[in-house]
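Chains A and B supply the protein sequences, listed in that same order.
Residue numbers 59 to 550, in our numbering, belong to the letters of the first sequence in order.
Residue numbers 7 to 357, in our numbering, belong to the letters of the second sequence in order.
For each residue, glycine too, the CB sits at the ideal point set by N, CA and C.
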Amino acid sequence: MNIDDKNYAHTLLPTSAEEFKTMLKKAAGNTMDVNVSDIMVSGHKCVFVASEGMISTDSLSELVFHPLMQFNLDHKASAEEVYTFLTQQSLMTIDRQELSTFGEVFMRLFSGFAIIFIDGKNKAVSLGIQGYDKRSIENPSSDTNIMGGQDGFIEALRTNVSLVRRRIKSPLLKFELMQVGKVTKTDIAISYLSDRVDKKIVDEIKKRLMDIELDTVFSTGYLKPFLEDKHKAIFSSISTTDRPDAMCIKLNEGKVGVLIDGTPFALILPSVFIEEFRTVDDYTTRSFYTVYIRWIKYLSFLLAVALPGLYVSIASFHPGMLSHRLLLNLVASQESTPYSLTTEAIIITIMYEIMREAGIRLPKAVGGAVSIVGALIIGDAAVTSSLISAPLLIIIGLTATASFVIPGLNQQTSVLRLAYIATGGLFGLYGISILTIAVIANTCVLSSLTVPYTAPISPITVKRLTNILGRPSFLRLQKTKGRVEDLTGVKK
Amino acid sequence: MKISSWQLLILLFLSRIFITITYFTLEDISPSVMMSTSAFSVAADMILVIPTIFLYKKYPDENVIRSAFEISKIFGVILFVLYFIFAIFMIFRTVRFFLYFFENAFLNLLPTIVVGILLIAASAYVAHLGIEAAARSASIVFVSFILLLIAVVFTTAEDFDISNYYVEPIGTSDIFSGIVNGISRSSEMVVLVLLLPYLKNGIGKSVYGFLLIKLLFVEMIVLLCMLLLGGYIEAVPFPFFTVCSFAKAPFVERLDAVFLVIWTLMGVIKLSLFTISLRPASVLIKPFSSKMATNLAPFVIGGIPALYLAYKEQMIIPLLDNELTAAAIVLLGTVIPLAVLILRRFKREKN
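1) Checking contacts by CB at 8 angstroms: is I146/B closer than that to chain A?
2) What does Y204/B touch in chain A if you count any residue whose Cβ is under 8 angstroms from its own?
3) Quick check on DSSP: helix, strand or coil for K550/A?
4) Unbroken beta strand (DSSP E) runs of length 3 or more, entirely within the region 182-233 of chain A: which are they?
5) Is the beta carbon of L284/B closer than 8 angstroms to that of P311/B?
6) Using a Cβ cut-off of 8 angstroms, pull out every chain B residue sitting near A496/A, in sequence order please.
7) List, in chain order, every chain A residue whose beta-carbon is nearer than 7 angstroms to that of R142/B.
8) How long is the line joining the alpha carbons of A253/B and A139/B, rounded to whole angstroms?
9) Specify, as a first and last residue, the run of the beta strand (DSSP E) that V105/A falls within.
10) To the nearest angstrom, report how far apart D132/A and T159/A are at their CA atoms.
11) Within the same chain, show all residues whose beta-carbon is closer than 7 angstroms to that of F46/B, passing over the 5 residues directly before and after it, in chain order.
12) Can you give me the Cβ contacts of L401/B inside the same chain, cut-off strictly under 6 angstroms, excluding the 5 residues immediately before and after it?
13) In three-state DSSP terms, what is P510/A?
14) For my contact list, S190/B and T331/B are in at a C-beta cut-off of 8 angstroms; report their separation, rounded to the angstrom.
15) Looking at the C-beta of T270/B, does it have a partner C-beta in chain A at a distance below 8 angstroms?
16) Chain B beta carbons: is any one of them nearer than 8 angstroms to that of P72/A?
17) Taking the alpha-carbon positions, what's the E34/A to F335/A distance?
18) Assuming contact is defined by CB atoms lying nearer than 8 angstroms, are Q208/A and S184/A in contact in what I supplied?
19) Counting only beta-carbon separations shorter than 8 angstroms, does V548/A have a partner in chain B?
20) Using a Cβ-Cβ cutoff of 8 angstroms, what residues of the region 461-493 of chain A are near chain B? List them in chain order.
21) L380/A touches chain B at which residues, Cβ-Cβ below 7 angstroms?
22) Checking contacts by CB at 8 angstroms: is E109/B closer than that to chain A?
23) Taking the beta strand (DSSP E) that M98/A belongs to, which residues open and close that run?
24) Taking 6 angstroms as the limit between beta carbons, can you name the residues of its chain near I16/B, skipping five residues before and five after?
25) Should N468/A be listed as close to the ligand MN, given that the test is whether its C-beta is under 7 angstroms from any heavy atom?
26) Among N180/A, L167/A, F129/A, which has the Cα closest to the Cα of Y190/A?
27) Taking Cβ-Cβ distances shorter than 9 angstroms, what residues in chain A pair up with L135/B?
28) Measure the CB-CB distance between L349/B and G82/B and report whether it falls below 8 angstroms.
29) Would you call the CB atoms of K353/B and I71/B closer than 8 angstroms?
30) Got a sec, what are the start and stop residues for the alpha helix (DSSP H) F305/B sits in?
31) If we ignore side chains and look at the alpha-carbon of each, how far apart do A499/A and S277/A end up?
32) Measure the C-alpha to C-alpha separation of T512/A and I292/A and round it to an integer number of angstroms.
33) For F216/B versus L18/B, is the C-beta spacing smaller than 8 angstroms?
34) Between R193/A, I195/A, G210/A, L504/A, which has its C-alpha nearest D201/A's C-alpha?
35) When Cβ atoms are compared, which residues of the region 357-383 of chain A fall closer than 8 angstroms to chain B?
Here is the structure:
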């Protein structure tokens, strides 16, 4: 039978073991990581297939070979007897499945399953004995918390599923598995709590994922554009987290999590803007402190985006807004520098971005050196040699620090900051206003699966505002559900 | 895409209050008379808006132009042209006044042409994003405006002079001219007629809520200016702006530049609203059925002459005449909805 690496998916398994091996080799193209060997089970010929490095050798001997050796009938076993033993009688692995096409065989094979084909039966059985090397569970890298859980997602999907399941021991928590990527066949798990999620949202997510025609899917960024409602928006209506506890909190609110094999980040949707300012620690510290920190974060966001732009525009176009003493100080510091305030601000901002990017890309051991070079040597030298003014350096430094407070919005703050400096420097506060209304409108038009991205601020949902202005206590939270539907105004 | 009654209320409010905070004493009315006649003006609005409310209750998913199409295609096209001209006229008027204010309040800050182009570009962008974007943005702008107002009141409170407040006796002619003035600034009454298909529900809440809030804020702003500026109020062209220049916050010496920010945001929302309101009807007219054409045409036709006049430093006052504007608003905001309502009923009975 003609089979190759393109038409294998729907090709049915043959009856003969020799033919199975030939077809398997043709479809796999003699790839070195597929191990094929003949085994005898109670005198009946079978073919054992596994992918190198994907299975656990301990599990293989204990859960597969040992039971098979125990299966010793007083006569040569028939194909049907072996098949019945493998699928019904033996206590091998829990995760076993009957396979009838080569598509299913390769899917399971490259997911770390062992495959046993029985001569004389046009079916194979897959046994879950995955044992590929994976990173151990470590602290989350991007969403650090003090008092929350200290375990983060890793690259293995099934481990991530278990991290979530461990926290929600309820049958209400569902995981639906599907594959995305025509070539990579990347496993994706859609998770939700069935009693509080809007089924239409789950269906819509599944539909959008199934419609994806990408060849490869390696990270969250590959899927985001297909799940977002509006592609030209500055902000993203899908949040990411590498914390299982954070994901559980979102699932409890009726949201949907999407775990992707090969990446330690989960997508959460629908998501709203204000959630970028929340952390798991908000629910572990005292309410008054959480409220205080939340407002610090709101302020930090404004500073990170607009402070340099406002400084440039006020100092250049509206000096009357500043007190005389402050103005004199600024004029004195500015007099000795060769460039205009706007040019200076743009140069320092770009310099900062270069150093930040270098700090991220370099190995951690060297990354620290970049900040020393940047902050101490270049910054100090630039001010001493009067290339830039000290107040501006302070402003940019403060802005950079403020942007670290909301790491989830870092992409947006970086670009908007530069845009605000440029418009503020060219057109003053008028330019800032024009840019602001454009950014507000661009953000307001964004929706995430029927939930407005700017909810519950605009459109306003009064009962959800308390969780923005402050943080309700758990005594109150246990009475209010705090679900996604509150943001859309649609009741279940 | 639908908006809530609260969002509609805010859109209408910003559209109206933009006029008040810009130039409420450009006419011959004294602030005292204005305060006294505002209530009459709002009462007149409450009556004038009744046909629109009935039209919405009868045909909630249609605006006046679509309803006119149901009567006759020619009638529909005529109405579209009328409302289109009005939108262009209002864009022209708003842009020209915006630039006039900018030239006079912020001397030599930026070239007028640049200010105008940025304003039109931002408005066209917001209009392109649609009613939801405008309505949600308006809520944020509304909160900013309230914060500005609170900041101005608190930072100037110690300078309030009660003796500046006076009540001038008013006569019938004052009431009449007050009503005409009030209506001439209420272009949002026409916009409302066109925005009806976007409204989810609660037209009464939107419209009467808007009129009451409008009355409250107009009175408050005029009173604030009276208490602070006294006799100077009639000498300065932009009283609220002057009050903001007077206000001094802990970190900011003057609030006039902050006013500029909020005022610009409101101006963009107001301008975008004229174009957005035409959208549900424009899909029926072939040359305007593309979204790009509906969004750009009014800004190009209305905005470019305004920019040209600003460049030439001309105002063409006769075109901006209050009586003429008020008549147009009554025609498009009351008479036409009433006529459409009657004609549709007549046609239904005939069928």
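Well, looking at it:
1) Translated into positions along the second sequence, residue 146/B becomes position 140. At least one chain A Cβ lies under 8 angstroms of I146/B.
2) Numbered from its first residue, the second sequence carries residue 204/B at position 198. In chain order: nothing, as chain A lies at least about 13 angstroms away.
3) Numbered from its first residue, the first sequence carries residue 550/A at position 492. For K550/A, the predicted structure reports a pLDDT of 38, less than 50, and the residue's modelled location is therefore unreliable. The matter cannot be settled from this model.
4) 182-186
5) Taking the second sequence and counting its residues from 1, one reaches residue 311/B at position 305. Taking the second sequence and counting its residues from 1, one reaches residue 284/B at position 278. No, Cβ-Cβ distance for P311/B and L284/B is not below 8 angstroms.
6) Your numbering for residue 496/A matches position 438 in the first sequence. Those within 8 angstroms of A496/A in chain B are A128, Y131, V132.
7) Residue numbering aside, residue 142/B sits at position 136 when the second sequence is read from its first letter. In chain order: C502, P510, T512, S516, P517.
8) Along the second sequence, one-based indexing puts residue 253/B at 247. Along the second sequence, one-based indexing puts residue 139/B at 133. Using only the alpha carbons, I get a separation of about 32 angstroms.
9) For the purposes of this step, residue 105/A is taken as residue 47 along the first sequence, with counting starting at 1. Run containing V105/A: 102-109, per the beta strand (DSSP E) assignment.
10) Here residue 132/A refers to the residue found at position 74 when the first sequence is read from its first residue. Here residue 159/A refers to the residue found at position 101 when the first sequence is read from its first residue. Between the alpha carbons of D132/A and T159/A lies a gap of roughly 32 angstroms.
11) Against the second sequence, residue 46/B aligns to sequence position 40. Once the five neighbours on either side are set aside, the close Cβ partners of F46/B are I181, G184, I185.
12) The question about residue 401/B has no answer here: the residues shown for chain B are numbered 7 through 357.
13) Position 452 of the first sequence, counting from 1, holds the residue named residue 510/A. Here P510/A sits in strand by DSSP.
14) Start at 1 with the first residue of the second sequence, and residue 190/B comes out as number 184. Start at 1 with the first residue of the second sequence, and residue 331/B comes out as number 325. About 4 angstroms; that satisfies the 8 angstroms criterion.
15) On the second sequence, residue 270/B is found 264 positions in, with the first residue counted as 1. Yes, because at least one Cβ of chain A sits closer than 8 angstroms to the Cβ of T270/B.
16) Taking the first residue of the first sequence as position 1, residue 72/A is located at position 14. Not closer than 8 angstroms to any Cβ of chain B, the Cβ of P72/A fails to qualify, so no.
17) The shown model of chain A, from 59 to 550, leaves out residue 34/A, and the question about it has no answer.
18) Position 150 of the first sequence, counted from the first residue, corresponds to residue 208/A. Position 126 of the first sequence, counted from the first residue, corresponds to residue 184/A. Contact flag unset, no.
19) By one-based count along the first sequence, residue 548/A stands at place 490. Residue placement at V548/A is flagged as unreliable, the pLDDT there being 41, under the threshold of 50; the coordinate-derived value follows with that caveat. Chain B, which has no Cβ nearer than 8 angstroms to the Cβ of V548/A, makes this no.
20) F485, G486, L487, Y488, G489, I490, S491, I492
21) As a first step, residue 380/A is located in the first sequence; it is residue number 322 there, counting from the start. Contacts between L380/A and chain B, judged by CB atoms closer than 7 angstroms, involve E259 in chain order.
22) As a working note, residue 109/B is residue 103 in the second sequence. Not closer than 8 angstroms to any Cβ of chain A, the Cβ of E109/B fails to qualify, so no.
23) In the first sequence, counting from the first residue as 1, residue 98/A sits at position 40. Note, M98/A: beta strand (DSSP E), 92-99.
24) Numbered from its first residue, the second sequence carries residue 16/B at position 10. Counting only Cβ-Cβ distances below 6 angstroms, and skipping sequence neighbours, we find A144, S145, F148.
25) Although the ligand MN was asked about, the structure shown includes no ligands whatsoever.
26) The residue given as residue 190/A occupies position 132 in the first sequence. The candidate whose alpha carbon is nearest that of Y190/A is L167/A.
27) Numbered from its first residue, the second sequence carries residue 135/B at position 129. The answer, in chain order, is A499, N500, C502, V503.
28) Reading the second sequence from its first residue, position 343 is the one you call residue 349/B. Reading the second sequence from its first residue, position 76 is the one you call residue 82/B. Not closer than 8 angstroms, so no.
29) Along the second sequence, read from residue 1 onward, the residue named residue 353/B stands at position 347. Along the second sequence, read from residue 1 onward, the residue named residue 71/B stands at position 65. For K353/B and I71/B, no; Cβs fall outside 8 angstroms.
30) In the second sequence, residue 305/B corresponds to position 299, counting from 1. Segment 297-318, the alpha helix (DSSP H) holding F305/B.
31) Counting from one through the first sequence, the residue named residue 499/A turns up at place 441. Counting from one through the first sequence, the residue named residue 277/A turns up at place 219. Rounded to the nearest whole angstrom, the C-alpha separation of A499/A and S277/A is 29 angstroms.
32) Translated into the one-based positions of the first sequence, residue 512/A becomes position 454. Translated into the one-based positions of the first sequence, residue 292/A becomes position 234. Answer to the nearest angstrom: the Cα atoms are 13 angstroms apart.
33) Taking the first residue of the second sequence as position 1, residue 216/B is located at position 210. Taking the first residue of the second sequence as position 1, residue 18/B is located at position 12. In contact: F216/B and L18/B (Cβ atoms closer than 8 angstroms).
34) For this step, residue 201/A is matched to residue 143 along the first sequence. For D201/A, the nearest C-alpha among the options comes from G210/A.
35) Of all residues in the region 357-383 of chain A, only I372, F375, H376, G378, M379, L380, S381 come within less than 8 angstroms of chain B when Cβ atoms are compared, listed by chain position.
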